[in-house]
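Scroll down for the structure; my scribbles are underneath it.
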Amino acid sequence: PRFYFVSDPTLLEILSLGSDPQAVTPHFQSGLFDSLTEVTFDKADKSKMLEMFSQQKECVKFVKEKNGILEPNPVFAAGNIEVWLQALVDAMMDSMKGIIKMANRAVSEQDLETFIFGHPAQISLLGVQFLWTADMQGALSQAKQDKSIMNKAMKKTDVLLKEMIVLTTRSTLGKNERKNLETVITVHVHQRDTSEDLLKKKVKEPSDFEWMKQCRFYWRDELNTVIISICDVDFEYSYEYLGVKERLVITPLTDICYVTLSQALGMFLGGAPAGPAGTGKTETTKDMGCTLGKFVVVFNCSDQMDYKGMGKIYRGLAQSGLWGCFDEFNRINLDV
């Protein structure tokens, strides 16, 4: 289904290479995947894919979770190209899901350093967000009986942040590890500010709006998936592999954008942030996609786009469940 976002010449080239899986890999970036750039093929069996790489050369093996153990789950590039590319997408999502499920247990057991560097960047970030959500949720639900519990939760968050800052002073960190750590710190600083905010406003229960409006991350065992709630809207995490991504610093304005857009999506509508050029409207949308583990396809609209072009894009988005971000939407001719 993702073929809808590829330009026609590239599409012809991809389809003509169907019988040679290794020749297709350079095209993964031209609209098929967010961060998956290369895959490793088995030395003996050339159609068997074992691991995936992001632009930053971060390596993740294809695995599947079975009864609490991760087992290898190689992908076979056999048959029609659209069939095995879809298998590749599914395997990517299974791998992410399996690793996240294991990470959810590991984050409370391992110490911070092993956890952050032992998992792919996207997952160590999620883990820290799981941890914080669980801590704050627990503290809020007991705040009425125990007066000091909010302070304890606040201190725990602070200690985590300090640990991370100590880690950044190491000289042995690789480029990816450092970027990963910076991203986790960026998000965690916001989480700490939120905790402080809740403390100052003396919020005493989990149903308070000050707490509801934050992005909250839960692992639901009964649904076997990650749920992200903003206000009263629950999103399922989409398990797109995002590589090592830098995230935006979250300001009160971004928070408001998130709340508004998530409400709109909850009612099956769209949203359109407006503002002067270069204020980060596109970036905010992309960042929200990153938060929910989605692949956001950005289109720069021009006056050349006709209704057929738009229709093609919409069909692709609907089939693959991705988000589309139409940049410069006002340039399209009105009759379209």
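Each number in my numbering corresponds to the 1-based position in the sequence shown with 156 added. For glycine and all other residues, C-beta sits at the position ideal for the given N, C-alpha and C.
- Take Ala247, set aside five residues on each side of it, and the residues of its chain with a beta-carbon closer than 7 Å to its own are Phe218, Asn229, Val231, in chain order.
- Beta-bridge analysis with DSSP links Lys222 to Ile225.
- Partner residues in the beta bridge of Arg372, as assigned by DSSP, are Ser385.
- Closest in alpha carbon position to Thr181, among Ala309, Phe365, Ile237, is Ile237.
- Distance from the CA of Lys442 to the CA of Gly427, rounded to the nearest whole angstrom, comes to 13 Å.
- The beta carbon of Asp250 sits closer than 7 Å to the beta carbons of Lys220, Asn229 from its chain, once the five residues preceding and following it are set aside; these are given in chain order.
- Spanning the alpha carbons of Ala233 and Cys371 requires a straight line of approximately 38 Å.
- Apart from the 5 residues on each side of it in sequence, Ile406 sits with its Cβ closer than 6 Å to the Cβ of His346 in its chain, given in chain order.
- DSSP places Phe271 in the uninterrupted alpha helix (DSSP H) bounded by 268-274.
- Ranking Gly254, Phe209, Tyr463 by CA distance to the CA of Trp375 puts Gly254 first.
- Annotation: Asn380 is outside any beta strand (DSSP E) and is labelled neither H nor E by DSSP.
- The closest CA to that of Ile256, considering only Val239, Asp267, Gln285, Val245, is found on Gln285.
- Put simply, the backbone Cα of Val315 is about 29 Å away from that of Gly445.
- For Leu206, the secondary structure class from DSSP, reduced to helix, strand or coil, is strand.
- Exclusion of the five residues before and after Leu355 leaves Met306, Met310 as the residues of its chain whose Cβ lies within less than 6 Å of its Cβ.
- Pairing Leu226 with Phe373 gives a Cβ-Cβ distance that is not under 8 Å.
- Per DSSP, the continuous alpha helix (DSSP H) segment holding Thr350 begins and ends at 331-356.
- DSSP assignment within the region 403-473 yields the following whole alpha helix (DSSP H) runs of 4 residues or more, N-terminal first: 408-422, 437-447.
- Pairing Leu206 with Thr193 gives a Cβ-Cβ distance that is not under 8 Å.
- Just so you know, the alpha carbons of Lys358 and Met208 end up roughly 46 Å apart.
- Annotation: the continuous alpha helix (DSSP H) that includes Asp314 extends over 305-324.
- Between the alpha carbons of Lys213 and Thr313 lies a distance of about 31 Å.
- Taking a C-beta distance under 8 Å as the contact criterion, Tyr397 and Ser191 qualify as a contact pair.
- Looking at the backbone, the Cα of Met258 and that of Thr339 are separated by about 21 Å.
- For Tyr470, the number of other beta carbons within 10 angstroms of its own is below 16, and it is reported as exposed.
- Taking 8 Å as the cut-off, the Cβ atoms of Phe391 and Leu478 do not count as close.
- Contact between the region 359-369 and the region 289-299 is established, with three or more Cβ pairs separated by less than 8 Å.
- Counting along the chain, Thr181 sits inside no beta strand (DSSP E), nor does DSSP assign it H or E at all.
- Counting the other Cβ atoms within 10 Å of the Cβ of Lys401 gives 16 or more, which makes it buried.
- Residue state for Glu265 is assigned as helix, using DSSP reduced to three classes.
- Counting only the Cα atoms, Cys481 lies some 26 Å from Ala243.
- In the DSSP assignment, Phe286 falls within the alpha helix (DSSP H) that extends over 277-298.
- Rounded to the nearest whole angstrom, the C-alpha separation of Val452 and Asp349 is 28 Å.
- Considering only Leu417, Phe365, Gly422, the residue with the shortest C-alpha distance to Thr438 is Leu417.
- Assignment of Glu396 by DSSP, reduced to helix, strand and coil, places it in the coil class.
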